[in-house]
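*Asks:* Just passing along the structure, written as structure tokens.
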Amino acid sequence: MAVNFAQWGNDLYTGRRSYDIVGRRKWWFLAAGILVLLAAILLVKPGLQLGIEFRGGSEFTVSNVSTSDQQLATDAVAEVAPDEVPRVTSVGSSSIRVQTSELTNDQVEQVRTALEDAYGVSEDDVASSYIGPTWGQDVSKKAGTSLVVFLVLLAIVMTIYFRNWRMAAAAIIALFHDIAVTVGVYALIGWEVTPATVIGFLTILGYSVYDTVVVFDKVRENTVAVTEQSRSTYEERANLAVNQTLVRSINTSVVALLPVAAILFIGAFVLGAGTLRDIALALFVGMFVGAFSSVFLATPLEVAFRLREKGIKAHTAKVLAARTSAVTELAADGTTVVAADAVRMTGQTRPGSHQGTSAQPRRKGR
Amino acid sequence: MRTLITLVVLIVAVFAAVFAGTKWSDATWTPKLALDLEGGTQLILAPKTEDNSSVSSETIQQAIEVIRQRVDSSGVAEAEITSQGGSNIVVALPGKPSEATLDLVRTSAQMEFRPVLTYADPTPTATDDATADPSATADPSAGATVSPDDTATAEPTDGATAENSSASTEAVFQNAVATSGDTVVRNASATDDPSAEPSAEATTGTDTTGPESPSDIDYYVTEDVLARFNALDCTDPDNLTGGETSDPDAALVTCDPTGTIKYILGPVEITGDHISNASSGIGVNSQGVSTGQWVVNLEFDGTGTDEFTTVTTRLQSLTSPQNQFAIVLDGLVISAPSLSSGTIISDGKAEISGSFNRETATTLANQLKFGALPISFEVQSQEQISATLGSEQLEKGLIAGLIGLLLVVIYSLFQYRALGFVTVLSLAIAAVLTYGVITLLSWTQGYRLSLPGVAGLIVAIGITADSFIVYFERIRDELREGRTLVAAVDRGWERARRTIIASDAVNFLAAVVLYFLAVGSVRGFAFTLGLTTLLDLLIVFVFTHPVMLLIAKTKFFGSGHRLSGLDPRRLGATGGTRYVGRGRVATGRRDEPDGDSGLTTENPLLATTVAGGTIAERRAAARAAAASTPPDDQPQDGSTPAERTEGND
């Protein structure tokens, strides 16, 4: 298979085999649009389950305990609220702190009783109170501000590097798509959003742009002097770039996803709810979507933007017109004129090669 | 080769630093762990209000924000800060935090500037003439020149020396040497006369009813104030805790933090919220030579600068001790410099020097920078807490990481054959270096590894490996063009380098922005991201590329052994025959009948062609066009026979 894969990569590189990814951009845009829309719906209902770190909750302090077994507390809470994942911590040498998301007054009483029984302490030894979020408004606000600053800087940096704002715009739109879909999937699965999840989302942010930049760099390389030749259009050059980086995109995604998948598997099936599971899910979905969007969304978007540019537009028209005339001219019967539109160039020109001495005419009589 | 040696030196340096740390300092061989994995210390702060009135939730939110900024400023340790029961604040710090860190959390850092009305010996006095007669003072300027502290107080910009109050107090009170009251006022616009001769005359009170100025002794030093002043015992530690809130418009009777002097101070003239920035550093004297003393530099905002100008202008006309102003932190005088005559400070910059060390100076600067807590808090309890996540989480996480790594190794060997070993080796070096740097940083910067951090590092495997994949693919591309391996590595590197730098720059940008603007665990994450990105770049530049250069020269890789992953034939390099220099031609497999290789298009295509097309191209195009039936929109999986044209141009 490896041989085939290498052969396949080779074919993609030369253009012998080519997937018309950019040409079908309308479909990708439609699919991306639907996904984002679905994500938006999922965000409203069922919505994200914010964890205790964001909303605050109830806290129970059990003092004078003789054992510091944390499992007892977990079980006690599970009796009352089965879905609850309490955070149990021992404080000092003889007390246990149990934090849960906000419970009703009834539940609070029940948990108190359960904790009393579990640890065998008197009523006075269990105190309950309300705790505020550790990830408060101010943290979210600061994170939000820094995100905006990052996006602005990113747009500037990409515009300078690629010498074109359209690449930056396409990258940022793709980025939003990735984040939206990831958050949507998270809402769909319904796991609690914890700071670990948010950190996962932020990683996606970096990864998505990173992946897009790699693909765009190839596009840039392929289209460097596109208007100075008349063989292929900008669109075709960009499509060739996508095809040429396809092997890299697949390899990178597999390599990046393997460790994440390992964490996700261990986190979800061995450990159950917790930091690892949360972060791994966010990462897994995000990286997957990110790899897809860098190929199927970012580049087609960029091409769509570029095709509105005057110079590129004129160049495309010129190339296509010349091509049509070439076809009509040669296929004298004219039957294929209609097909000229569908014709596209997928490869790049390749130099001829030295055929070797064996290809030279043999001198006779020697 | 030389770069490889650099790398070895670098790794050795990192680990040597850690080793030195474990030997002579408190570094450890393992990175310190964050709150979720190691547990730490939990402080419960209860608001200290005079009348037990309830505290609004906004005030608590504000206090939480200030505490969080202060904690963040002390390093990258992620703290958990939350409110409890509406009024208490619970702060959980990882590990065993130092006193300085605890101070960051505990002290409210309300700073105010008040004029000094008078000062005295710290012990209670019986006399009602509490205004210690400054005429008893030995000439302060003489004292200043003798005092070793004084070199630190030389005016850096234009040599106008701000008088050093501790020098003067030293002359009066034998025990005053330890005060932190020596201060330099850094001043760009000070005008003249570096050594002021404070008049030997003491108070020159005026007989007016209203306060003439905040320095008006007769108005502010009432019987009551005087009585409190006389009764105050600054040697009693109870009086040195500070934290009391005081009426900003009345005189304040207080001590300095070491309990060596007591003061009567006028009303508040400038409040701490006019400080726009604060930093700590080593002070310099007028010659710009480092004094080796830790100082805290302050900068005022617009209002503060104006007020400060007014104050210094007024103090000019006064005599000792009223030409001093006191810097009051949480009710205690941390510094009370006097002004030399002619000194008017109008650029809003001041420097506090004194008995600071690195930690206390940094702590104070951080406290001032992020503002005062809106109210004072007292520590209700301070206890050890256990980790919120069991040790099994970390264990399982690491196992998952190992499994993931193993899968990556298998995949890259499968994909890149022998070349995969370069990937594996690079990843191994990245892992070693990351471990070393994190251990080093957890010692020097207080970096702590949380479980999300561990996950981030595992994910970084992917990002690091991508650099190699980009690089290898570029090399393969060049091989496909028919280059020899050495040439392909050169050219491939040139192109890959650009891509790698551009994409890593984006990641690094994200890390830097998040690190400097966000707080809490986002900041910890940004740190990890930035670190791994930098290490990725480092590894590619000083390890992977040099290694590629080396192995390109070996026979195994250079001749494109089947298992090397760089076999030109498998990569379908054009034709079999290529010119290899020196008049020789290498023959290899020729892959297909010739008319077929080269520029191809996919569907009934017309390759290229246009005006510039060759005749062969045009023919091919025509053939293709003739063969094309439907204008095609089926999946191009290559199963449909594609016409190919020759691509000579």
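Same order as they appear, the protein sequences are chains A and B.
Residue 1 is where the first sequence starts when you use my numbering, and the numbers rise one by one after that.
Residue 1 is where the second sequence starts when you use my numbering, and the numbers rise one by one after that.
Virtual Cβ for every residue (Gly too), placed ideally from N, Cα, C.
1) Under the rule that 16 or more other beta-carbon atoms within 10 Å means buried, what is L563 of chain B, buried or exposed?
2) Spell out whether any CB of chain B is found under 7 Å from the CB atom of F60 of chain A.
3) So K553 of chain B contacts chain A; which residues on that side make the cut at Cβ distance below 7 Å?
4) Shortest alpha-carbon distance to L7 of chain B belongs to which of B:L538, B:L550 and B:T554?
5) Here's a check: name, in chain order, each residue in its chain whose Cβ is nearer than 7 Å to the Cβ of W294 of chain B, leaving out the five neighbours to either side.
6) Does S290 of chain B pass the burial test, meaning 16 or more other C-beta atoms within 10 Å, or should it be called exposed?
7) Going along the chain, which residues of the stretch 204-215 of chain A sit with their C-beta nearer than 9 Å to a C-beta in chain B?
8) Is the distance from the Cβ of T227 of chain A to the Cβ of G311 of chain A below 7 Å?
9) Taking C-beta pairs closer than 7 Å, name the residues in chain A that T499 of chain B reaches, listed in chain order.
10) Does any CB atom of chain B fall closer than 7 Å to the CB of G132 of chain A?
11) Applying a beta-carbon distance threshold of less than 9 Å, which residues of chain A neighbour N366 of chain B?
12) Using the three-state DSSP reduction, which class does Y130 of chain A fall into: helix, strand or coil?
13) Is there a Cβ of chain B sitting closer than 7 Å to that of D201 of chain A, yes or no?
14) In the DSSP assignment, what residue or residues form a beta bridge with I399 of chain B?
15) Check the Cβ-Cβ distances between Y435 of chain B and every residue of chain A, and say whether any is below 7 Å.
16) Have a look at V91 of chain A and T61 of chain A and give me their C-alpha separation to the nearest angstrom.
17) Looking at the strands, I want to know which residues DSSP matches up with M111 of chain B.
18) Using 10 angstroms around the beta-carbon of T600 of chain B, count the other beta-carbons present and answer buried if the total reaches 16, otherwise exposed.
19) Tell me which residues of the stretch 509-528 of chain B have at least one Cβ-Cβ distance to chain A shorter than 7 Å, keeping chain order.
20) Report buried or exposed for A109 of chain B, applying the criterion of at least 16 other Cβ atoms within 10 angstroms of its Cβ.
21) Does V506 of chain B have its Cβ less than 7 Å from a Cβ in chain D?
22) Checking contacts by CB at 7 Å: is A488 of chain B closer than that to chain A?
23) How far does the alpha helix (DSSP H) with T235 of chain B in it extend, from its first residue to its last?
24) Report all residues from its chain with a CB closer than 8 Å to the CB of W191 of chain A; omit the five preceding and five following residues, and keep chain order.
25) Relative to the alpha-carbon of I204 of chain A, which residue among A:P259, A:S18, A:T182 and A:T100 has its alpha-carbon at the smallest distance?
26) Counting only runs of 3+ residues fully inside the stretch 286-329 of chain B, write out the beta strand (DSSP E) ranges in chain order.
27) Give, in chain order, every residue of the stretch 142-157 of chain A whose Cβ lies closer than 7 Å to some Cβ of chain B.
28) Please work out which residues of its chain come closer than 7 Å, Cβ to Cβ, to T107 of chain B, disregarding the five sequence neighbours upstream and downstream, and give them in chain order.
29) My guess is that K142 of chain A and L517 of chain B are in contact by the Cβ rule of under 8 Å, so how many angstroms apart are they, rounded?
30) Along chain A, in chain order, which residues have C-beta atoms closer than 7 Å to that of T388 of chain B?
31) Mind checking who Y119 of chain B pairs with in its DSSP beta bridge?
32) Check this for me: beta carbons of D124 of chain A and V289 of chain A, under 7 Å apart or not?
33) Leaving out the 5 sequence neighbours to the left and right, which residues in its chain are closer than 7 Å to V653 of chain B when beta-carbon positions are compared?
34) From the DSSP secondary-structure annotation, give me the bridge partner or partners of L364 of chain B.
35) What residues match up with A92 of chain B in a beta bridge as DSSP calls it?
36) Quick one: using the 10 Å Cβ neighbour count with 16 as the cut-off for buried, is A400 of chain B buried or exposed?
*Replies:* Straight from the coordinates:
1) exposed
2) no
3) Per Cβ cutoff of 7 Å: no residues; K553 of chain B is ~23 Å from chain A at best.
4) B:L538
5) S280, I282, F356, N357, R358 and A361
6) exposed
7) L205, G206, Y207, V209, Y210, D211, T212, V213 and V214
8) yes
9) V214 and D217
10) yes
11) Neighbours of N366 of chain B on chain A: none; closest Cβ ~17 Å, over 9 Å.
12) strand
13) According to the sequence as given, residue 201 of chain A is Phe; it is not Asp. No, no contact with chain B.
14) BP columns for I399 of chain B are empty, so no partner.
15) no
16) 9 Å
17) B:L329
18) A caution first: T600 of chain B carries a pLDDT of 40, below 50, which makes its placement in the model too unreliable to give a value.
19) L509, A510, V513, L514, L517, A518, V519, G520, S521, V522 and F525
20) buried
21) No chain D appears in the structure shown, which is made up of the protein chains A and B.
22) no
23) Premise fails: T235 of chain B is in no alpha helix (DSSP H) and is neither H nor E.
24) Q49, T197, A273, R277, D278 and L281
25) A:T182
26) 290-300 and 325-329
27) K142, A143, T145, S146, V149, F150, L153, L154 and V157
28) D330 and Q367
29) 6 Å
30) R87 and T89
31) B:Y263
32) no
33) Only positions 1 to 649 of chain B appear in this structure, which leaves residue 653 of chain B out of reach.
34) L364 of chain B is not bridged to any residue.
35) B:Q42 and B:E80
36) buried
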